[in-house]
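For reference, the structure is listed below as structure tokens.
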Amino acid sequence: MKRISHEDTPHSYSQRQTPELRHEGHESSSDCSEAHQTVEKLRVHLSRAQRDYNALHEKHQELVSHYSNLHSTYEQLLNNPPVSKSTEAQITKLQAALTAAVEEKTTLQGTLRSNDQRISDLMDQVKQLEHIVEEAKSHQASTDAAPEPISIVQESQIRKMESEIQTLHGTISRQQEELIRMHKDGANMEVRIQRMQQDQNDAQARLRMAYRDNEQKAELVSGLQKKCELLEIHVGQMREHGIGPDGSMGLIDENSQLKEKLSDLITENDDLKKQVDAARVYYDSYKMDLDERMTELTKQFNDQHELLQQRTDELNMATDQICDMKLELQTMQDKQNSSRDGSPESDTLQNEFEALQEYAKDLHNKYTVACDKQQESISEYLRVKNAYEALKTSYETCEVQLDEERRSLRRLKEATENTQLINTDIRSLTEQLANEKATVSRAVSQNSELKEQLIEMEDKPRS
857 MKRISHEDTP HSYSQRQTPE LRHEGHESSS DCSEAHQTVE KLRVHLSRAQ
907 RDYNALHEKH QELVSHYSNL HSTYEQLLNN PPVSKSTEAQ ITKLQAALTA
957 AVEEKTTLQG TLRSNDQRIS DLMDQVKQLE HIVEEAKSHQ ASTDAAPEPI
1007 SIVQESQIRK MESEIQTLHG TISRQQEELI RMHKDGANME VRIQRMQQDQ
1057 NDAQARLRMA YRDNEQKAEL VSGLQKKCEL LEIHVGQMRE HGIGPDGSMG
1107 LIDENSQLKE KLSDLITEND DLKKQVDAAR VYYDSYKMDL DERMTELTKQ
1157 FNDQHELLQQ RTDELNMATD QICDMKLELQ TMQDKQNSSR DGSPESDTLQ
1207 NEFEALQEYA KDLHNKYTVA CDKQQESISE YLRVKNAYEA LKTSYETCEV
1257 QLDEERRSLR RLKEATENTQ LINTDIRSLT EQLANEKATV SRAVSQNSEL
1307 KEQLIEMEDK PRS
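When the sequence shown is numbered by our numbering, its final residue is 1319 and no position is left out of the sequence of numbers.
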């Protein structure tokens, strides 16, 4: 923007005038100085509007990053098939949240483009107004007719109002810096939430692996139980019809294979128990860490929300005070203009000053709109926090499912113990079969001896 140098101000021009003309040009110099100060204030408002626009742009970039993370999480859940209805419900919720996020992203992009266009228009208007003010200054400095001077009381009141306005502007600047710092803290909190979401995704992946291992072990135990039942039926049939050497050896071989499989299953079961114990320790520590983080985040969020609400109220109060000061200043200018003559130059300068005041009012409205956009960004952060609460609920659901898997593991352990009992029964049956075989062998040998004795006894009478 073009800057107005100090040498071209009406005040410096009045110092270069002769003492006879200084009193006549005092009022015109004051008007031009006030117009120059108004332009400077408008520049300050424009720079603040530009900072607000930059803050909104940074918030938009953060939201885009957050939505990208949501989309990647959704794609990851789609690539990995769900293992329960709760996971499918979580995918549905994430899909709905992603759709709403895309719509809000599109709306925010349109708002950013419109704000950018508005700021460009405001910069063009400020340049035009500066050009008009410089022309008015040069024209007012060259005229001979001068209005009546401002009274000392009115001038002191105007200066007092301007100093109060400057003080309020400084307060607003500090509050805006505080709001920017709060936005940065909110962004850091969002990053921490995303990290916790990543940890939760890793935990869910480990849970799915544990579910698959448990299902495989359950199928193996079920097959082993069926094989034991068939073997028991086969042993019963062999006991009813007798058993030969080949059948006994086959039974012994099958029993040995069954023992080996049972030993392998017990080893795998022990490994699975160790994995489950390690997972339980990990999930317990993760839950404690998550609760601590959630408590800390909730406390920080409540404190920042209260502070933000307080700063917003102070900002609104300061804005209202600025409006009141501007109205009082306008009233003083109207009273001052009523005491002046109707020269064309004074009317032109007054019209330009009124246009500047209208422009300041419009800029204040634009600043109010920017504050509303910041409030909407805060609301968006609240919605993200609610989504995080939903993810925490899903984590609790996964923990419930882990408890169910623990119960399934206990049932698997009981089934393994039953298998060991069955193996003991099979061992005892094998021993009984061996004893019966020995008994049959002794009976056969005794029968052979009796037959020989009978043959000898039959041969003796013949001889």
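In this text, a Cβ means the ideal position worked out from N, Cα and C, and glycines have one as well.
The alpha-carbon separation between Asn1057 and Gln973 amounts to approximately 42 Å. Approximately 16 Å separates the beta-carbon atoms of Leu1121 and Thr1280; this is outside 8 Å, ruling out the contact. Distances from the CA of Arg1267 to each of Val1077, Gly1026, Asp1127, Asn1158 were compared; the closest alpha carbon is that of Val1077.
Here the C-alpha atom of Glu1260 lies approximately 39 Å from the C-alpha atom of Thr1286. In this structure, Lys1083 and Leu1114 form a Cβ contact; the two beta carbons are roughly 7 Å apart against a cut-off of 8 Å.
Contact check between the segment 1061-1077 and the segment 1123-1142: three or more CB pairs, one atom from each, fall below 8 Å, which counts as touching. Here Thr1275 is buried: its Cβ has 16 or more other Cβ atoms, across all protein chains shown, within 10 Å. Spanning the alpha carbons of Arg907 and Ser1029 requires a straight line of approximately 10 Å. A straight line joining the alpha-carbon of Arg969 with that of Lys897 spans about 25 Å. Scanning its chain for C-beta atoms nearer than 8 Å, with the 5 sequence neighbours on each side dropped, one finds no residue around Gln917.
By the Cβ neighbour-count rule, Lys915 is buried, with 16 or more other Cβ atoms within 10 Å of its own.
Inclusion of Gln1022 and Asn925 in the CB contact set at 8 Å is not warranted, their separation being larger than that value.
In the same chain as Thr1168, and ignoring 5 residues on each side of it, no C-beta atom comes closer than 6 Å to its own.
When the Cα atoms are used, Asp1133 and Ser1141 turn out to be separated by approximately 12 Å. Here Arg1239 has no same chain residue with a Cβ atom under 7 Å from its own Cβ, once five neighbours each way along the sequence are excluded.
His1220 is not a Cβ neighbour of Thr1253, given a cutoff of 8 Å.
For the 8 Å CB-CB criterion, Lys1040 and Met1150 do not form a contact. For the 8 Å CB-CB criterion, Lys1073 and Glu1148 do not form a contact.
In terms of Cβ geometry, Ala1135 and Arg1062 form a close pair [threshold 8 Å]. From the listed residues Ala1299, Arg1283, Asn1242, the smallest Cα separation to Ser1112 is found for Arg1283. For Gln1231, the closest of Met1065, Ala911, Met1173 by C-alpha to C-alpha distance is Ala911.
Here Leu1258 is buried, its C-beta having at least 16 other C-beta atoms within 10 Å. Counting every other CB atom within 10 Å of its CB across the protein chains shown gives Glu1214 a total below 16, marking it as exposed. From the listed residues Leu1289, Leu1265, Asn1303, the smallest Cα separation to Glu1075 is found for Leu1265. Within the model, the alpha-carbon separation for Asp1315 versus Lys1307 is close to 12 Å.
Around the beta carbon of Leu1289, 16 or more other beta carbons lie within 10 angstroms, which makes this residue buried. By the 16-neighbour rule on beta-carbons within 10 angstroms, Ala905 is buried.
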